[in-house]
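Chemist:
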Amino acid sequence: MTIVLQAEGIQKSFLKPKRLNLLSDIQLSVREGESIAICGRSGEGKTTLLHILGTLEEADSGTLSIAGMKATSQNAFLLRQKAIGFIFQSFNLLEDFTALDNVLMPAAIARRPISKEKGVELLREVGLEERADTPAKVLSGGERQRVAIARALCNDPTLILADEPTGNLDRANAKRIGDLLMHTVKAKKKSLILVTHDPDLAALCDRRYLLIDGVLKNS
Ligand SMILES: Nc1ncnc2c1ncn2[C@@H]1O[C@H](COP(=O)(O)OP(=O)(O)OP(=O)(O)O)[C@@H](O)[C@H]1O
Ligand SMILES: [Mg+2]
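Throughout, this note's numbering is defined as the position within the sequence shown, counted from one, plus 29.
#1: Verify the contact flag: Phe43, CB atom, against every heavy atom of ligand 1, threshold strictly below 8 Å.
#2: Does the distance from the CB of Glu172 to the CB of Asp227 come in under 9 Å?
#3: Could you tell me which residues DSSP pairs with Ile81 in its beta bridges?
#4: Do Glu193 and ligand 2 come close, with the Cβ less than 8 Å from some heavy atom?
#5: Sorted by chain position, which residues of the same chain lie with C-beta nearer than 8 Å to Gly156's C-beta, five sequence neighbours on each side aside?
#6: Run the CB neighbour count on Lys99, radius 10 Å, all protein chains shown included, and call it buried at 16 or more, exposed below.
#7: Please name the residue, chosen from Ser169, Ala128 and Asn184, that lies closest to Leu198 on a Cα-to-Cα basis.
#8: Thinking C-alpha only, which one of Leu182, Gly196 and Leu240 is nearest His212?
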């Protein structure tokens with residue numbers, strides 16, 4: 030089956046405020062239609078790894094290929110627009126824009142606008158249709174998280190990267206989001222890498238890894 034993401038020998042250290050060797054040798058291969066959970070203690074480097082896999086941050090060394098293309102600093106922007114949907118740990122919504130405008134934003138940036146109806150449909154899938162016209166700044170934490178999830182699906186990405194996508198949700202909404210992500214992966218043959226502390230969500234994924242001492246171990 031097609032390999033959607035291949036990471037080999039990824040290393041990352043931060044030099045300031047003091048040297049921190051975070052990722053020492055990350056090897057990861059994700060196929061089409063496959064979901065992967067990455068767990069690990071706080072501060073172990075999960076968000077940093079997800080940012081590197083999403084071309085938002087550069088590794089010190091190693092190689093990364095996404096959707097058959099080797100990621101470089103030149104093509105990273107295009108790769109993100111075309112192939113990657115990112116659900117950020119801190120959501121990164123545009124505060125003064127409505128939920129719907131936030132959802133439509135990736136398509137507008139990519140100059141491939143989608144209809145409002147499609148945006149509302151994405152909001153419906155996360156249970157927020159009625160909040161379409163509400164500015165992001167007045168939404169609750171869980172509502173913001175769900176808008177961020179709808180936005181990540183806007184460009185119909187090949188690869189979905191989700192950083193603790195149920196971290197702010199109650200059990201019912203966490204289940205709904207878990208089911209939505211898994212359904213999206215299986216029905217539309219997407220690939221999903223998610224970071225989570227939630228064992229129920231990790232259990233839904235095809236494979237699970239623990240990030241520990243800078244490497245991914247099967248768990
Ligand atoms: N730009 C940066 N400069 C220096 N240190 C950084 C930078 N980004 C992250 N770090 C440090 O790297 C470590 C790992 O951060 P990261 O956010 O990847 O952890 P995490 O595993 O996602 O943690 P959590 O589960 O709490 O979200 C932390 O100690 C953090 O302070
Ligand atoms: Mg994190």
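Glycine included, every Cβ here is placed at the ideal spot set by N, Cα and C.
Modeler: According to the structure data:
#1: yes
#2: no
#3: According to DSSP, which records beta bridges pairwise, Ile81 is partnered with nothing at all.
#4: yes
#5: Arg175, Asn202 and Arg205
#6: Using a 10 angstroms sphere on the CB of Lys99, the tally of other CB atoms stays under 16, which defines it as exposed.
#7: The residue among Ser169, Ala128 and Asn184 with its C-alpha nearest the C-alpha of Leu198 is Ser169.
#8: Leu182
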